[in-house]
Each structure stands twice: as structure tokens, then as C-alpha cells.
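See structure below.
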Amino acid sequence: MDRLQRSAWRYVAEVLPPEELPMLAAHALVDGRDSPALRELAGLPRRSDETEIRELYVQALDELGVPLPDEETAGRWLLVSLAVGLANAELSPKDVADRLSMTVAARTPEETRFLSGGQ
1 MDRLQRSAWR
11 YVAEVLPPEE
21 LPMLAAHALV
31 DGRDSPALRE
41 LAGLPRRSDE
51 TEIRELYVQA
61 LDELGVPLPD
71 EETAGRWLLV
81 SLAVGLANAE
91 LSPKDVADRL
101 SMTVAARTPE
111 ETRFLSGGQ
């Protein structure tokens, strides 16, 4: 999964701030991705209008054929990412709680324990 594909689920899960999107676009260009909207987004300052940034980001993903996941799929990716970060000691329990910005419904007993803070 490349940088833009990872960013799509992070964007939908609301853990990717809009001010990071211009730099993400610049890195994607360096990675060899290219589209008119991606170039325009990469040229914007971090403090540009959030609506413009978001619109260009979504347009760039569309131009590049990178789909935005639905909220449930984004939530699943978020849970996996947080669980891996916690298991690898890259995140503390507080970091996990702070980054769990969207409501994610548990679908398995393991997810229920994870979301409830159980072991």
C-alpha cells in the first residue's frame, strides 16, 4: 500500500489533518505519482483554506484512481493501525485513546476488549 492509499483511510478516519495534505502531495509527486490536482495541492501552503485543500486532495485521489474507503473500512484500518502501534510499543494507551477520533464499532471479541481498554 503506497502513501496515498494509506492516506485515504486516514483521511476518512479523521486522523489526517488537512494542513498535512500539501506535504503529502509533494511526497507523492516524489514517489512518482502525478496528476494536475496533486501538483496544485503540493504547491499550496499548509495554512491554505481547508476546504480548498480537501477538495484538491479528493480530486487528486480521483484522478489517480485511489478510492476513498467508506467509514466502516476506514475505522477497521484505524483499529488495526492503533493495535499494531500499541503492540509494538510505538503508542501508549493514552496515544491510542487520543487518536481514536471516530466512532468505531467493535465486530469481534478482540476489538471489544481493545476498545474497552481490556487486556
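In the UniProt record's numbering, the protein residues as written are 1 to 119. Every residue gets a Cβ at the ideal spot worked out from N, C-alpha and C, and that includes glycine.
Element boundaries [alpha helix (DSSP H), containing T7]: The count along the sequence shown starts at 1 and reaches residue 7 at position 7. One point to set straight first is that residue 7 is Ser, not Thr, in the sequence displayed. Counting along the chain, the alpha helix (DSSP H) containing S7 begins and ends at 3-12.
When V66, L4, Y57 are compared against D31, the one with the closest alpha-carbon: Residue mapping note: residue 31 aligns to position 31 of the sequence shown, counting from 1. Nearest C-alpha to D31: L4.
Check whether L78 and R10 have beta carbons under 9 Å apart: Along the sequence shown, one-based indexing puts residue 78 at 78. Along the sequence shown, one-based indexing puts residue 10 at 10. A contact, by the Cβ cut-off of 9 Å.
Presumed contact (8 Å Cβ cut-off) between L64 and L41, rounded CB distance: The count along the sequence shown starts at 1 and reaches residue 64 at position 64. The count along the sequence shown starts at 1 and reaches residue 41 at position 41. Between L41 and L64 the Cβ distance is about 11 Å, and since that is not below 8 Å, they are no contact.
Under the three-state DSSP convention, the category D49 falls into: Position 49 of the sequence shown, counting from 1, holds the residue named residue 49. Residue state, collapsed to three classes: coil.
Inter-residue Cα distance where the pair is Q59 and L86: For the purposes of this step, residue 59 is taken as the residue at position 59 of the sequence shown. For the purposes of this step, residue 86 is taken as the residue at position 86 of the sequence shown. Spanning the two alpha carbons is a distance of roughly 33 Å.
Contacting residues, own chain, Cβ-Cβ under 6 Å from E20 (five flanking each side not counted): The residue given as residue 20 occupies position 20 in the sequence shown. Excluding positions up to five away in sequence, the list is empty.
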